[in-house]
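Only one structure is covered here, and it is reproduced in the block below.
Number of protein chains: 2
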Amino acid sequence: MVVQVELSDAEVDRIFHALADATRRDILRRTLIGEASVSALADSYEMSFAAVQKHVAVLEGAGLVTKEPRGRERIVRAEPETIERARGLLDAYAELWRGRIDRLDALFADDEKH
Amino acid sequence: MVVQVELSDAEVDRIFHALADATRRDILRRTLIGEASVSALADSYEMSFAAVQKHVAVLEGAGLVTKEPRGRERIVRAEPETIERARGLLDAYAELWRGRIDRLDALFADDEKH
DNA sequence: AACTTGTACAACCATTTGGTTGTACGTTAC
DNA sequence: GTAACGTACAACCAAATGGTTGTACAAGTT
């Protein structure tokens with residue numbers, strides 16, 4: 001069984017907020033496929049290096065990527081564990097929905113006893 | 001296999017942005033368990049009715065809930081299908097991590113518009 | 001040593017966000 | 001009919017967001 005470490009509201013806020021931007025999702029996608037330096041990432045987007053740097057910082061603050069120095073570069077790598085946690089949160093909502101169905105079923109089962 | 005309807009970048013933005021707020025996640029949670037009027041929801045939070053109304057509007061704009069008139073009330077219901085789609089998106093990232101890039105290219109085509 | 005590359009960070013700006021209060025209006029209850 | 005309830009919506013405000021440019025500096029390159 002997968003152990004889910006408790007996430008604070010603020011942490012969940014940061015994760016979903018980080019995912020709520022197409023450029024950041026693309027950066028995440030690229031770093032999932034393979035590591036990349038910040039400047040390599042920045043070359044792909046029609047915005048300044050500083051803007052891309054900020055996007056990476058948002059992803060890093062959410063724990064979705066990590067940055068590691070290598071020479072003068074900073075290598076960005078995705079943290080699939082955090083994505084997994086976000087998925088787990090959505091699973092929990094789906095589970096709530098399922099629980100609601102179960103309760104309705106029980107209600108109907110009750111009705112049938114009449 | 002689950003058929004994923006193509007989601008635009010803007011739609012995905014709205015979904016994750018809607019999820020990036022603890023009050024909105026709580027509203028979603030409550031409406032997953034059972035429908036609720038806007039005023040019933042508003043009673044639970046230490047903010048104005050108008051503020052809660054806005055949170056519901058954000059969730060509605062993301063397709064995570066729907067609002068239906070019933071008398072003078074507006075009944076809010078969760079849309080589990082949209083949650084399922086968000087989960088599908090995160091699944092796709094997890095798949096990327098596992099290196100299954102080819103099969104997912106089409107799914108991510110939307111995110112690649114940069 | 002001088003130059004180029006990659007990054008960090010500050011200052012600035014327009015827009016969006018998340019909250020407020022106030023007003024208006026349809027619906028229900030008395 | 002009048003009062004209370006539930007909602008919609010506008011106007012306003014402070015703070016956060018997402019972008020910019022400019023400066024500084026360490027690490028490679030020539």
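Residue numbers (full-length UniProt numbering), protein chains in the order written: chain A, 1 to 114; chain B, 1 to 114. For each residue, glycine too, the CB sits at the ideal point set by N, CA and C.
Check: Unbroken beta strand (DSSP E) run spanning GLU73 (chain A), endpoints; Outcome: 73-78
Check: CA nearest to the CA of TRP97 (chain B), picked from A:VAL58, A:TYR45, A:GLU79, A:ILE75; Outcome: A:GLU79
Check: Near-chain A residues of the stretch 21-47 of chain B (beta-carbon distance less than 8 Å), N- to C-terminal order; Outcome: ASP21, ALA22, ARG25, LEU28, ARG29, LEU32, ILE33, GLY34
Check: Within 9 Å, strictly: CB atoms of residue 119 (chain B) and VAL76 (chain B); Outcome: An answer regarding residue 119 (chain B) cannot be provided, because it is not within the stretch 1 to 114 covered by chain B.
Check: Interfacial residues, the stretch 80-93 of chain B to chain A, with Cβ spacing under 8 Å; Outcome: PRO80, ILE83, GLU84, ALA86, ARG87, LEU90, ASP91, TYR93
Check: Pairwise C-alpha distance: ALA18 (chain B) and ALA86 (chain A); Outcome: 14 Å
Check: Test item: CB-CB of VAL12 (chain A) and ARG72 (chain B) under 9 Å; Outcome: no
Check: Local conformation of ARG103 (chain B) per DSSP, three classes; Outcome: Any reading at ARG103 (chain B) is ruled out, since the residue's pLDDT is 48, under 50, leaving its predicted position unreliable.
Check: Classification of ALA92 (chain B) by the beta-carbon crowding that lies within 10 angstroms, buried from 16 upward; Outcome: buried
Check: ARG29 (chain A): first and last residue of the uninterrupted alpha helix (DSSP H) it sits in; Outcome: 22-33
Check: Beta-carbon spacing of THR38 (chain A), ARG14 (chain A) below 9 Å; Outcome: Per the sequence shown, the amino acid found at residue 38 (chain A) is Val instead of Thr. Contact flag unset, no.
Check: Classification of PHE49 (chain A) by the beta-carbon crowding that lies within 10 angstroms, buried from 16 upward; Outcome: exposed
Check: PRO69 (chain B) (DSSP reduced to helix, strand or coil); Outcome: strand
Check: Min CB distance PHE49 (chain A) to chain B below 9 Å; Outcome: no
Check: Residue from B:HIS55, B:VAL65, B:VAL58, B:SER44 with nearest C-alpha to GLU84 (chain B); Outcome: B:VAL65
Check: Cross-chain neighbours of LEU96 (chain B) in chain A, by beta carbon under 7 Å; Outcome: ARG29, LEU32, ILE33
Check: Cross-strand partners of ALA36 (chain A) (DSSP beta bridge); Outcome: A:VAL76
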